[in-house]
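Heads up: the sequence lines are chains A and B, in that order. Residue 79 is where the first sequence starts when you use our numbering, and the numbers rise one by one after that. Residue 79 is where the second sequence starts when you use our numbering, and the numbers rise one by one after that. Glycine included, each C-beta is placed from N, C-alpha and C at the ideal position. Values in this document were obtained by computation on a predicted structure and should not be read as measured data. Step one of this worksheet: look at the structure below.
Number of protein chains: 2
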Amino acid sequence: MVVVTAMRIGELAERAGTSVKTIRYYDRIGVLRPAERSESGYRLYGEDALDRYRFVRAAQAVGLRLGEIREIIALRDQGETPCGFVVDLIGRRAAELDTRIVELAALRDELRSLDRRARRLDPRRCHPRLVCHVIDGGA
Amino acid sequence: MVVVTAMRIGELAERAGTSVKTIRYYDRIGVLRPAERSESGYRLYGEDALDRYRFVRAAQAVGLRLGEIREIIALRDQGETPCGFVVDLIGRRAAELDTRIVELAALRDELRSLDRRARRLDPRRCHPRLVCHVIDGGA
DNA sequence: CTAAAGCCTCCCCTGTAGGGGAGAGTCAAG
DNA sequence: CTTGACTCTCCCCTACAGGGGAGGCTTTAG
């Protein structure tokens, strides 16, 4: 109730360098709730909203999803330190990334190999009953 | 019209090892159309449908999307050889993958670095006005 | 006082590859 | 003839992070 400097959503969005839609969305999913509402229902934010917003962006930048960020913030708002949770999360995410990178590298290698093979094949011979022997010729 | 061995959708799905829904979907988006329809509207497929299906799966397996696969098939059905198109496609896809892999590796490295930093930080000191100094402390 | 700008909620849209289910017609066996 | 399995079309749903716009208040500047 004692909001010293109350920003409305437009000002927050502009100072944060984002869109009003995004701020509203963050409210809806619970990662950035307004300090209060005006009598007419307008969202009112304090200065800390900017820090919160930057945290959300920083967390997104390291690959966390908004649902996970909401959990971190919920822990913090319950007075707990989310550090343990965060460490688990980024450890797991790093491991998932490793797996994903290996998969993508394998896929890329297969594409390169298809590419080399395709260049050796004679296009004029490319006319069996199959669609394209570059792709399913190797099966 | 002269369909020697006419399969209905259930049989094709079973022999292909997939679902009826998938075959119907492939028809709708144009990657696997039935040879004809029965009087009552049932989809009827020839033996070649199995080859087509396998081609679609092989193409998906190397990372092509159904929209792209449809283009390849359309070329083939227009009597052209899709080889050139396919070679371009897989070349571009491989390049995209390279970029993506580099991005993901950078992200993973950043996560690992956050992880190491988090383990050095004292959780009891984790209580500023920010949510989590593991994440936004480095900004 | 009035017009413009800002804000509200609500609803649909994006892309990918289908999945789930409703309601209705069809086909084979008993 | 009937029952059960099969098929048809049509419509909504999924994840993700919002974007676009309608229709209706509120606030602010002139």
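With the criterion set as a beta carbon lying under 8 Å from some beta carbon of chain B, the members of the stretch 160-181 of chain A are P160, C161, G162, V164, V165, I168, G169, R171, A172, L175, D176, R178, I179, in sequence order. Contact annotation: in the stretch 181-193 of chain A, residues whose CB is within less than 8 Å of a CB in chain B are L182, A183, L185, R186, E188, L189, R190, L192, D193. Under a 10 Å Cβ-count criterion, A/D187 is classified as exposed, with fewer than 16 other Cβ atoms of the shown protein chains found around its own Cβ. Secondary structure note for A/R121: its beta strand (DSSP E) is the uninterrupted segment 121-123.
Closest option to A/L142, judged by alpha-carbon separation, among A/R86, A/E117, A/V109, A/E114: A/V109. Per the Cβ contact rule, the stretch 169-182 of chain B is not in contact with the stretch 94-112 of chain A (fewer than 3 Cβ pairs under 8 Å).
By a beta-carbon distance limit of 8 Å, B/F133 does not contact A/D166. Their separation comes to about 43 Å. The beta carbon of B/R132 falls within 8 Å of a beta carbon belonging to chain A, placing the residue at that interface.
Bounds of the alpha helix (DSSP H) holding A/L175 are 161-198.
The beta-bridge partner set that DSSP reports for B/R102 is empty. One thing to note: A/V140 has its Cβ within 8 Å of the Cβ of B/L189. Think of a sphere of 8 Å around the beta carbon of A/G141: the chain B residues whose beta carbon falls inside it are L185, L189, in chain order. A distance below 7 Å between beta-carbons, with the five flanking residues on each side excluded, links B/S97 to the following residues of its chain, in chain order: A91.
The beta-carbon of B/A196 is placed less than 8 Å from the nearest beta-carbon of chain A. Pairing A/G124 with A/A136 gives a Cβ-Cβ distance that is not under 8 Å. For B/E149, the secondary structure class from DSSP, reduced to helix, strand or coil, is helix.
The beta-bridge partner set that DSSP reports for B/R132 is empty. Within the model, the alpha-carbon separation for A/Q138 versus A/V209 is close to 42 Å.
A/D214 reaches chain B at R132, F133, A136, counting residues in chain order whose Cβ is nearer than 7 Å. Any Cβ of chain B closer than 8 Å to the Cβ of A/D129 would place that residue at the interface, and such an atom is present. Interface criterion not met: the Cβ of A/L144 is under 8 Å from no Cβ in chain B.
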